[in-house]
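See structure below.
Protein chains in written order, with our numbering: chain A, 1 to 114; chain B, 1 to 111.
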């Protein structure tokens with residue numbers, strides 16, 4: 001199993017540009033989520049999905065869109081990048097049907113918006 | 001709203017020392033608590049997960065305890081090594097599958 005994979009690893013954008021951060025998992029997990037990590041603020045939930053076709057907002061959803069057309073993929077779209085979106089983005093997944101319900105994280109995407 | 005606090009924010013110890021990292025949370029209605037390790041510039045690696053019905057979990061030199069009623073968890077690291085240097089994060093699952101994270105304890109183990 002590759003686990004949770006994210007692409008790209010690094011990205012530099014100019015203000016106003018759009019892009020999609022990719023996330024995929026091969027563990028057949030229903031639950032997937034996106035976090036951003038900023039110094040001194042910990043990880044904050046952006047959007048999450050409890051299964052294909054179902055998404056919901058987390059703590060800091062503004063400026064981001066998600067969709068979940070398959071169980072495996074959960075892309076995060078930045079519609080019009082702003083310097084405040086400079087951060088490290090992590091995707092995670094877990095098996096909601098398991099009582100153990102451990103969350104697995106991808107390696108992260110480091111985004112800089114100029 | 002669940003809030004998670006980790007104290008201290010940073011810790012430096014000599015190699016071989018036993019140490020305890022602390023995590024506290026405000027809402028005791030949790031499903032589980034998970035401890036992660038994060039190396040600089042890397043992702044999160046899950047270390048231990050404690051279900052709300054459990055008191056502790058052990059993996060090698062690591063032992064995590066949970067006192068749900070007081071809103072506390074501790075991560076005990078025995079015989080620390082320089083390779084243990086990293087940031088340690090705790091996260092609680094309170095509703096659905098969403099995690100609330102603390103801001104972490106940055107650990108440095110000096111040779």
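Positions of the beta carbon are idealized from the N, C-alpha and C atoms, including for glycine.
What does a CB cutoff of less than 7 Å around residue i pick up in its chain, not counting 5 residues either side in sequence?
i: residue 86/A; result: 111, 112 and 113
i: residue 11/A; result: 19, 109 and 111
i: residue 61/B; result: 77, 78 and 79
i: residue 72/A; result: 24, 25 and 26
If residue i and residue j are in contact, beta carbons under 8 Å, what's the gap, nearest whole angstrom?
i: residue 31/B; j: residue 94/B; result: 7 Å
i: residue 6/A; j: residue 23/A; result: 5 Å
i: residue 101/B; j: residue 91/B; result: 5 Å
Between residue i and the rest of its own chain, which residues show a CB-CB distance below 8 Å, the 5 nearest in sequence each way excluded?
i: residue 61/A; result: 46 and 47
i: residue 3/A; result: 25, 26, 27, 104 and 106
i: residue 68/A; result: 32, 49, 51, 52, 53, 54, 55 and 74
Grouping DSSP H, G and I as helix and E and B as strand, with all else coil, what is residue i?
i: residue 37/A; result: strand
i: residue 83/A; result: helix
i: residue 56/A; result: strand
i: residue 14/B; result: strand
i: residue 42/A; result: strand
i: residue 67/B; result: strand
i: residue 27/B; result: coil
i: residue 84/B; result: helix
i: residue 73/A; result: strand
i: residue 15/A; result: coil
i: residue 112/A; result: strand
Alpha carbons only, please: which of the options is nearest the one belonging to residue i?
i: residue 58/B; options: 98/B, 29/B and 34/B; result: 34/B
i: residue 53/A; options: 66/A, 8/A and 7/A; result: 66/A
i: residue 48/B; options: 108/B, 88/B, 82/B and 70/B; result: 88/B
i: residue 49/A; options: 74/A, 43/A and 80/A; result: 74/A
i: residue 27/B; options: 84/B, 54/B, 111/B and 4/B; result: 4/B
i: residue 29/B; options: 97/B, 6/B, 71/B and 104/B; result: 71/B
i: residue 79/A; options: 14/A, 69/A, 1/A and 33/A; result: 14/A
Residues in the same chain with beta-carbon distance under 6 Å from residue i, minus the five sequence neighbours each way, listed in chain order, please.
i: residue 21/A; result: 76, 89 and 109
i: residue 94/A; result: 29, 31, 101 and 103
Would you say residue i faces chain D, with C-beta separation under 7 Å as the test?
i: residue 96/A; result: In the structure shown, chain D cannot be found, because the protein chains are A and B.
So if DSSP puts residue i in a beta bridge, which residue, or which two residues, is it bridged to?
i: residue 49/A; result: 32/A
i: residue 34/B; result: 49/B and 91/B
i: residue 104/A; result: 93/A
i: residue 25/A; result: 4/A
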